[in-house]
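What follows is a short report on a single structure.
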């Protein structure tokens, strides 16, 4: 056989060089199979004849066994078609083969390792047929073509092969790829120098393009549709050229001296017999339908499933008793799963559900929480109880009469104190012309220049306290600030009525106090005493002006003493201001309590 091929090549007539090249390629193909020494001889696979059923189908459709072929691939439908030239000269569909597995997403292959199966128009020659493939049999698609290279796309060895496993290829079962391989081999033996492979993302209908209108590859797919339309209109594989980094189909340069170059601008060209107008009309229809699509459902840009598998193979994975076009390997990885499943037992329901889903949910990429900003509400409370620098400079400046420190507010009755603590307004017994007495003040570093040192200055005789804010201003305070509940008094009043206010007309506090509860109104003796704060503020102590320890606790009609905000007991404890945070109270930096 080989000697007859070579003798035919030596005795060829002029003009038959392409036939000699074809025969030489076929001989090399056979010799490559014969020289393989690992596993069964490739000839037992690559040279098998077509089945009687396929031969009968060829005769039924008016196709010669050696007539030219065209291969068309549709990713989304997971189908491979073989078209063959009929005795009338046109091409007709011979068979549709379900694809067992392809990888990646819809869209072209861009770079090596992206797991994308190619999309576009490719050419397969006899030298690209591999009878000794690791995946039973295969043929190389010829990626990248001139168009891919003009865009800088990379990758190699993208095949149609067997074994139902893919990393950028179109994988069939062994029985399927053997028949496709044989059809290509027979077309070469019949004189076809190469056959065309048209790889599409889906069937190039207007409805499918509208459904995928949000995909960034839409412009590329509309260009592929031009080639698909040419094939459907002419019933023959289009002549493919590249220019201006795009495909052109059945084009002839107006100037015969010019050539199409993928990276160069397109020269003026013509297309035969109104073909260009027919293709352009279909393109306008797509654009019109997309523009009017509105809120129609669209397909997801990415499914997260890593390719697809024809439903006939998914059905067999779900029920191994069903028949399928060919045998499956022992383990198959369905789309959407990150693990393989055995093919001799029913696949897990989860795997089948993921493979049939439109998209697989992806794990959310939740960022780590950022550090708490210093200007967040309550952030300033995480400070050490220490007095800020005095406004007039120097530690002992608080002894100066000119310091702006305020004198303590006059002591109010328990009823007035409770009212002031709740509303921040003036006591009802205060004259209308006099400023309303403010709630009992405590030393606090959060108050700036009126803080801890200013409080000490008040006890040693400083300047009088500025007039407190009117009741209208106090009422304008945020309404959502929670007020701590009143703490029960440790001791109930045993005799007499409530004490009268000890405030003087000048607002100063005297240094004497009465020990009798029912005594006439006198100035109460004051001192700085530690006092436990409300549980919601932590275990710190309050320092406040209090009556003599011998006097019983003053209570109003409600039996509750005036509430006092907290202050740090020492310079090493955190201070959290004089107002509670809404919703939660800070116990220590970084922890919260729901106690209000």
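In this note's numbering, the protein residues as written are 9 to 604. Heads up, the beta-carbon is just placed ideally off N, CA and C, and yes, glycines get one too.
To the nearest angstrom, how far is the alpha carbon of residue 189 from that of residue 207? What you label residue 189 is simply residue 181 of the chain shown in a count that begins at 1. What you label residue 207 is simply residue 199 of the chain shown in a count that begins at 1. Between residue 189 and residue 207, the C-alpha separation is close to 17 Å.
Candidates 215, 326 and 103: closest to residue 290 by CA position: Stepping through the chain shown from its first residue, residue 290 is reached at position 282. The shortest C-alpha separation from residue 290 is found at 215.
Does the Cβ of residue 347 have 16 or more other Cβ atoms within 10 Å, making it buried, or fewer, making it exposed? The residue you call residue 347 lines up with position 339 of the chain shown. When all chains shown are included, residue 347 counts as exposed.
Would you list the one or two residues that DSSP bridges to residue 101? Here residue 101 refers to the residue found at position 93 when the chain shown is read from its first residue. Answer is 91, bridged to residue 101.
Residue 78 versus residue 90: straight-line alpha-carbon distance, rounded: As a position in the chain shown, residue 78 is number 70, starting the count at 1. As a position in the chain shown, residue 90 is number 82, starting the count at 1. Roughly 6 Å between the two C-alpha positions.
C-alpha gap between residue 345 and residue 245, whole angstroms: Here residue 345 corresponds to residue number 337 of the chain shown, with the count starting at 1. Here residue 245 corresponds to residue number 237 of the chain shown, with the count starting at 1. C-alpha of residue 345 to C-alpha of residue 245: approximately 37 Å in a straight line.
Starting from the Cα of residue 218, find the closest Cα among 205, 336 and 233 and give me that residue. Locating residue 218 in the chain shown gives position 210, where the first residue counts as 1. Of the listed residues, the one whose Cα sits closest to residue 218 is 233.
Distance check for residue 124 and residue 117, CA to CA, integer angstroms please. Within the chain shown, residue 117 is the residue found at index 109, counting from 1. Within the chain shown, residue 124 is the residue found at index 116, counting from 1. Their backbone Cα atoms lie some 5 Å apart in a straight line.
Does the stretch 182 to 202 come within contact of the stretch 352 to 359, defined as at least 3 CB pairs closer than 8 Å? The stretch 182 to 202 vs the stretch 352 to 359: no contact.
Among residues of its own chain, excluding the 5 on either side of residue 231, which ones have a beta-carbon nearer than 8 Å to its beta-carbon? Within the chain shown, numbered from 1, the residue matching residue 231 stands at position 223. Correct list, in chain order: 254 and 255.
Per DSSP, cross-strand counterpart(s) of residue 123: Taking the first residue of the chain shown as 1, we reach residue 123 at position 115. Answer is none; residue 123 lacks a bridge partner.
Does the stretch 166 to 181 come within contact of the stretch 267 to 286, defined as at least 3 CB pairs closer than 8 Å? no
Whose C-alpha, out of 160, 196 and 158, is nearest the C-alpha of residue 133? To locate residue 133, count along the chain shown from 1; it is residue 125. Cα-wise, what sits closest to residue 133 is 196.
Extent of the continuous beta strand (DSSP E) to which residue 107 belongs: By 1-based counting over the chain shown, the position of residue 107 is 99. Here residue 107 belongs to no beta strand (DSSP E), and DSSP marks it neither H nor E.
Specify whether the stretch 96 to 104 and the stretch 138 to 158 touch according to this definition: at least 3 beta carbon pairs, one from each stretch, less than 8 Å apart. no
Pick from 62, 261 and 179 that is closest to residue 3, judged by C-alpha positions: In this structure the chain extends from 9 to 604, so residue 3 is not present and cannot be described.
Pull up the distance between the alpha-carbon of residue 194 and that of residue 225, whole angstroms please. Within the chain shown, residue 194 is the residue found at index 186, counting from 1. Within the chain shown, residue 225 is the residue found at index 217, counting from 1. Those two C-alpha atoms are separated by around 36 Å.
Is the stretch 357 to 368 touching the stretch 328 to 342, taking contact as three or more C-beta pairs under 8 Å? yes
Simplified DSSP assignment, three categories, for residue 214: Residue 214 sits at position 206 when you count from the first residue of the chain shown. The answer is helix: DSSP assigns residue 214 an H, G or I state.
My output table needs one value for residue 304: the three-state DSSP class, helix, strand or coil. The residue given as residue 304 occupies position 296 in the chain shown. Of the three classes helix, strand and coil, the one that applies to residue 304 here is coil, per DSSP.
Would you kindly work out how many angstroms separate the C-alpha atoms of residue 311 and residue 365, rounded to a whole number? By one-based count along the chain shown, residue 311 stands at place 303. By one-based count along the chain shown, residue 365 stands at place 357. If you take the alpha carbons of residue 311 and residue 365, they lie about 9 Å apart.
Give the range of the beta strand (DSSP E) segment to which residue 141 is assigned. On the chain shown, position 133 is the one that residue 141 refers to. Element bounds for residue 141: 137 to 141.
Neighbourhood of residue 279 by C-beta, 7 Å cutoff - its chain only, sequence neighbours within 5 removed: As a working note, residue 279 is residue 271 in the chain shown. Taken in chain order, the residues that qualify are 258 and 259.
With 16 as the cutoff for other CB atoms within 10 Å, does residue 86 come out buried or exposed? Translated into the one-based positions of the chain shown, residue 86 becomes position 78. With 16 or more other Cβ atoms inside 10 Å of its own Cβ, residue 86 counts as buried.
For residue 201, which three-state DSSP category applies? Walking along the chain shown from the start, residue 201 turns up at place 193. Residue 201 sits in coil when the DSSP states are folded into three classes, being neither helix nor strand.
Whole-angstrom distance between residue 131 and residue 146, CA atom to CA atom: As a first step, residue 146 must be located in the chain shown, where it is residue number 138. As a first step, residue 131 must be located in the chain shown, where it is residue number 123. Each residue's alpha carbon lies about 14 Å from the other.
Of the listed residues 324, 205, 115 and 192, nearest to residue 153 (C-alpha basis): Taking the first residue of the chain shown as 1, we reach residue 153 at position 145. Ranked by how close their Cα comes to the Cα of residue 153, the residues 324, 205, 115 and 192 have 205 in first place.
Cα-Cα separation, residue 282 to residue 294: The residue labelled residue 282 in the question sits at position 274 within the chain shown. The residue labelled residue 294 in the question sits at position 286 within the chain shown. Roughly 19 Å between the two C-alpha positions.
For residue 95, does the count of other Cβ atoms within 10 angstroms reach 16, so buried, or fall short, so exposed? Start at 1 with the first residue of the chain shown, and residue 95 comes out as number 87. With fewer than 16 other CB atoms across the displayed protein chains lying within 10 angstroms of its CB, residue 95 is exposed.
Under 8 Å by Cβ, that's how I've got residue 316 and residue 182 pegged, so tell me the actual separation to the nearest angstrom. Walking along the chain shown from the start, residue 316 turns up at place 308. Walking along the chain shown from the start, residue 182 turns up at place 174. Residue 316 to residue 182, Cβ: 20 Å. No contact.
Assuming residue 108 contacts residue 250 (C-beta within less than 8 Å), just tell me the rounded distance between them. Position 100 of the chain shown holds residue 108. Position 242 of the chain shown holds residue 250. Going by Cβ atoms, the distance from residue 108 to residue 250 rounds to 31 Å, so no, they are not a contact pair.
Coarse secondary structure for residue 145, derived from DSSP in three states: Residue mapping note: residue 145 aligns to position 137 of the chain shown, counting from 1. Looking at residue 145 - three-state DSSP - the assignment turns out to be strand.
Give me the residue from 128, 163 and 93 with the minimum Cα distance to residue 119. Residue 119 sits at position 111 when you count from the first residue of the chain shown. Answer by Cα proximity: 163.
Please work out which residues of its chain come closer than 8 Å, Cβ to Cβ, to residue 303, disregarding the five sequence neighbours upstream and downstream, and give them in chain order. Sequence index remark: in the chain shown, residue 303 carries index 295 (1-based). Here the set comprises nothing.
Note down the Cα distance separating residue 324 from residue 155, rounded to an integer number of angstroms. Within the chain shown, numbered from 1, the residue matching residue 324 stands at position 316. Within the chain shown, numbered from 1, the residue matching residue 155 stands at position 147. About 39 Å.
Per-residue DSSP class, three states only, for residue 254: By one-based count along the chain shown, residue 254 stands at place 246. Looking at residue 254 - three-state DSSP - the assignment turns out to be strand.
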